[in-house]
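Visitor: After the structure tokens below, expect a handful of questions from me.
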Amino acid sequence: MVKTVTNRDIQFTSFNGKDYPLCFLDEKTPLLFQWFERNPARFGKNDIPIINTEKNPYLNNIIKAATIEKGRLIGIFVDGDFFPGQKDAFSKLEYDYENIKVIYRNDIDFSMYDKRLSEIYMENISKQESMPEEKRDCHLLQLLKKELSDIQEGNDSLIKSYLLDKGHVWFDFYRNMAMLKAGQLFLEADKVGGYDLSTNSGCIYLDADMIIT
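What follows is the structure in structure tokens.
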């Protein structure tokens with residue numbers, strides 16, 4: 032559960048037992064788009080692997096944002112098993128639009144947000160077992176125990192679990208992690224260029240179907 036508390040003039044948001052200061056947003060705050068592609072092979076091996084059709088001009092929307100907001104960094108947070116030529120196409124996009132920065136998930140350290148899956152399951156099992164029998168969800172309890180026993184050695188990690196099924200949950204989980212990192216994403220990926228960005232910089236997340244005018 033995320034909660035917001037106030038300490039003097041500074042506001043914090045709490046995630047996984049840790050407090051994070053909320054950052055002020057201004058005309059220099061970076062914009063962040065996200066494209067996690069489960070099937071890069073549906074694109075050309077030397078093309079930018081982001082959908083860009085007349086109906087869904089997602090790549091054009093990002094480029095338009097970069098053109099209008101030249102004073103801001105425009106991040107594209109990406110993940111997928113991209114072909115070398117597709118990565119080269121991303122690099123060319125950065126060259127053509129100097130404020131666009133492609134940030135690969137693998138280049139960012141999210142370990143501070145990780146937790147052992149077994150701990151999460153044990154906490155929920157203990158919560159169920161502590162309830163009076165008439166209030167206990169026996170079906171859920173058995174399901175939790177089964178999923179606990181199914182955790183494979185070397186995969187006892189919350190973060191790793193979200194990499195196994197590359198669907199909406201994969202996308203949503205890392206969007207949340209990226210927003211906790213905020214401007215730090217650009218610094219960790221060494222994608223700041225000549226832009227002024229502090230370690231406490233915020234970040235504005237936009238879906239790729241959003242159009243800036």
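Start counting at 1 in the sequence shown, then tack on 31, and there's your number in the working numbering.
Glycine included, C-beta positions come from ideal geometry on N, C-alpha and C.
Quick check on DSSP: helix, strand or coil for residue 42?
Guide: In the sequence shown, residue 42 corresponds to position 11, counting from 1. If DSSP states are grouped into helix, strand and coil, residue 42 belongs with the strands.
Visitor: So, with DSSP's three-state summary, where would you put residue 200?
Guide: If you number the sequence shown from 1, residue 200 lands on position 169. Looking at residue 200 - three-state DSSP - the assignment turns out to be helix.
Visitor: Under a three-way DSSP split, which group does residue 63 fall into?
Guide: The count along the sequence shown starts at 1 and reaches residue 63 at position 32. Of the three classes helix, strand and coil, the one that applies to residue 63 here is strand, per DSSP.
Visitor: Please go through the same chain and pick out, in chain order, the residues whose beta-carbon is closer than 7 angstroms to the beta-carbon of residue 225, but skip the five residues on each side of it.
Guide: As a working mapping, residue 225 is identified with position 194 in the sequence shown. No residues qualify anywhere along the chain.
Visitor: Closest to residue 189 by CA distance: which of 120, 239, 148, 244 is it?
Guide: One-based indexing of the sequence shown puts residue 189 at position 158. Nearest of 120, 239, 148, 244 to residue 189, Cα basis: 148.
Visitor: Evaluate residue 35 with the Cβ neighbour count: other Cβ atoms within 10 Å of its Cβ, from every protein chain shown; 16 or more gives buried, anything less gives exposed.
Guide: Residue 35 sits at position 4 when you count from the first residue of the sequence shown. For residue 35, the pLDDT reaches just 42, beneath the cut-off of 50, and the residue's location in the model is therefore unreliable, although a value from the coordinates is still provided. Around the Cβ of residue 35, a 10 Å sphere holds fewer than 16 other Cβ atoms; the residue is exposed.
Visitor: Near residue 50, what residues of its chain come up, given a Cβ to Cβ distance below 6 angstroms and the 5 sequence neighbours on each side ignored?
Guide: The count along the sequence shown starts at 1 and reaches residue 50 at position 19. Only residues of its own chain outside the window of five on either side were considered, and among them 43 have a CB closer than 6 angstroms to the CB of residue 50, listed in chain order.
Visitor: Pull up the DSSP beta-bridge partners for residue 212, would you.
Guide: Numbered from its first residue, the sequence shown carries residue 212 at position 181. Beta-bridge pairing links residue 212 to no other residue.
Visitor: Report yes if the C-beta distance between residue 159 and residue 175 is below 9 angstroms; otherwise report no.
Guide: Here residue 159 refers to the residue found at position 128 when the sequence shown is read from its first residue. Here residue 175 refers to the residue found at position 144 when the sequence shown is read from its first residue. Contact flag set, yes.
Visitor: Give me, in chain order, the residues of the same chain whose beta-carbon lies closer than 6 angstroms to that of residue 235; leave out the 5 immediate sequence neighbours on both sides.
Guide: Counting from one through the sequence shown, the residue named residue 235 turns up at place 204. Around residue 235: 60, 62.
Visitor: Which class does residue 128 belong to by DSSP, given the choice of helix, strand or coil?
Guide: Walking along the sequence shown from the start, residue 128 turns up at place 97. Annotated three-state conformation of residue 128 is coil, per DSSP.
Visitor: Would you be able to state if there are at least three C-beta pairs under 8 angstroms between the stretch 70-78 and the stretch 116-133?
Guide: yes
Visitor: With distances taken between CB atoms, is the gap from residue 219 to residue 138 smaller than 9 angstroms?
Guide: Residue mapping note: residue 219 aligns to position 188 of the sequence shown, counting from 1. Residue mapping note: residue 138 aligns to position 107 of the sequence shown, counting from 1. The Cβ atoms of residue 219 and residue 138 lie closer than 9 angstroms to each other.
Visitor: Should residue 254 go down as buried or exposed, given a rule of 16 or more other Cβ atoms within 10 Å for buried?
Guide: Given that the chain is displayed from residue 32 to residue 244, the structure contains no residue 254 and the question cannot be resolved.
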